[in-house]
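Just so we're aligned, residue 1 is where the sequence shown starts under UniProt numbering, counting upward by one.
Glycine included, every Cβ here is placed at the ideal spot set by N, Cα and C.
For reference, the structure is listed below as structure tokens.
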Amino acid sequence: MFFKICLISLIFISLTPQNNYAEVLKMLKIFGKVLDSDLSEAKIDENCTQTCFSDSDCILAFFNENSKCLLYFYNSTEFLEVQETNRDDGFFVAFKTNLSTTNLGYCPDESEISPIIFLGEDPISWANTSDSTWQFKKCVGNWQMFKRTDPEITVCMQVFLTGMMTTRKEAQDYCTSRGWKMTGVGMIEESQWILKQTQEKFGKKLSIWEGVWIDGERKTPNMNNFTWTDGYTVGYGAFVDKWAKLTQEYSNQAQDCLAVSPTDAKGIINDVTCEMKSNYMLGVACGYQLE
1 MFFKICLISL IFISLTPQNN YAEVLKMLKI FGKVLDSDLS EAKIDENCTQ
51 TCFSDSDCIL AFFNENSKCL LYFYNSTEFL EVQETNRDDG FFVAFKTNLS
101 TTNLGYCPDE SEISPIIFLG EDPISWANTS DSTWQFKKCV GNWQMFKRTD
151 PEITVCMQVF LTGMMTTRKE AQDYCTSRGW KMTGVGMIEE SQWILKQTQE
201 KFGKKLSIWE GVWIDGERKT PNMNNFTWTD GYTVGYGAFV DKWAKLTQEY
251 SNQAQDCLAV SPTDAKGIIN DVTCEMKSNY MLGVACGYQL E
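Structure (structure tokens):
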């Protein structure tokens with residue numbers, strides 16, 4: 001099945017004079033429907049596409065020829081599946097996306113378009129899972145998405161400050177009681193983001209060693225090999241290039257668990273005593289694998 005995508009150009013966003021390319025915010029309209037959604041109880045909105053465009057949080061409009069309209073919003077949507085339909089079915093969807101073009105009036109073929117959502121910190125592409133189906137997946141709310149390459153998985157993370165003197169067990173329980181895991185870190189960018197989030201949520205400069213718990217427990221005494229228990233973290237990619245300060249022990253106490261915090265060196269992953277209860281431990285980094 002093949003359709004020409006109809007580009008509804010609603011506003012001009014920016015122009016780069018150096019190469020005459022325009023970045024234009026568009027609503028990309030096709031004959032299609034949102035699977036597992038029912039328009040029978042939807043409100044009537046004759047300007048459904050415009051309504052979605054005008055709402056900064058809206059990512060998709062689904063409507064029919066009778067102007068019954070459903071809108072889907074970035075911060076409350078984790079998964080959507082859109083299927084292309086026939087003209088006679090009377091269903092339409094409009095994707096909000098940006099289009100780079102030198103011709104503002106150009107209407108590209110369907111095969112030339114990959115809708116991308118730009119509302120969060122990172123752009124998220126709609127995945128074309130078949131000739132006629134697209135899927136959108138993201139982390140819950142404002143959680144951060146990390147795409148790992150070894151193995152190729154997507155992990156969602158968020159930092160929670162649970163109060164000074166949070167123990168490791170309290171940190172684990174906080175995450176698991178909400179259906180998440182105390183997360184490990186697979187890339188340098190993850191621990192950097194965790195530290196930045198901790199700093200922003202703490203509201204003032206973190207002192208050396210102040211931070212949050214992460215997953216990981218040393219397998220063998222005096223060796224830097226760790227067991228990850230979150231079910232999705234493997235390897236030590238976040239430890240390379242001295243981004244982890246691992247001392248094994250302090251004051252004759254084994255430091256076999258992990259936290260993210262400023263240290264007295266470059267490293268921001270710090271090994272700490274698993275039973276530690278001190279003002280340095282402010283909370284936890286929770287996570288889950290996006291399926």
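Do you know how far the Cα of Thr-220 is from the Cα of Val-240?
19 Å
Out of curiosity, what's the CA-to-CA distance linking Cys-175 and Cys-286?
6 Å
Exposed or buried, what is Val-159 when buried is set at 16 or more other beta-carbons lying within 10 Å of its beta-carbon?
buried
Just the Cα atoms here: how many angstroms apart are Tyr-74 and Gly-141?
8 Å
Quick one: give me the first and last residue of the beta strand (DSSP E) that Gln-172 is part of.
No beta strand (DSSP E) contains Gln-172, which is instead part of the alpha helix (DSSP H) from 168-176.
How big is the Cα-Cα spacing for Lys-245 and Asp-264?
9 Å
Cβ-Cβ distance between Pro-115 and Leu-28 below 8 Å:
yes
Taking buried to mean at least 16 other C-beta atoms within 10 Å of its own C-beta, is Lys-138 buried or exposed?
buried
When you compare only the Cα positions, how much space is there between Asn-225 and Cys-257?
11 Å
I'd like the span of the beta strand (DSSP E) that includes Leu-282, first residue to last.
281-290
Tell me the DSSP secondary structure of Gln-255 in three-state form.
coil
Using 8 Å as the threshold, is the C-beta distance between Met-281 and Trp-213 below it?
yes
For Leu-39, write down the residues that DSSP places opposite it in a beta bridge.
Answer by DSSP bridge pairing: none, since Leu-39 is not bridged.
Rounded straight-line distance, which links the Cα of Tyr-288 to that of Leu-99:
32 Å
Counterpart residues of Gly-32 in DSSP-defined beta bridges:
Glu-84
DSSP three-state label for Gly-237, please.
helix
For Ser-278, name the three-state secondary structure that DSSP assigns.
coil
Just curious, the alpha helix (DSSP H) that Lys-219 is in, first and last residue?
No alpha helix (DSSP H) contains Lys-219, which DSSP labels as neither H nor E.
Residues in the same chain with beta-carbon distance under 6 Å from Asn-270, minus the five sequence neighbours each way, listed in chain order, please.
Lys-245, Ala-259, Ser-261 and Thr-263
Nearest candidate by alpha-carbon position, reference Thr-162, set Gly-283, Trp-243 and Asp-215:
Gly-283
Continuous beta strand (DSSP E) stretch holding Thr-154: start and end:
152-161
Can you tell me whether Val-155 is buried or exposed, with buried defined as 16 or more other CB within 10 angstroms of its CB?
buried
Please classify Lys-205: is it buried, with 16 or more other beta-carbons within 10 angstroms of its beta-carbon, or exposed?
exposed
When burial is assigned at 16 or more other CB atoms within 10 Å of the CB, is Arg-218 buried or exposed?
buried
Cβ neighbours of Thr-85 in the same chain (closer than 8 Å, five flanking residues each side left out)
Phe-31, Gly-32, Lys-33 and Phe-91
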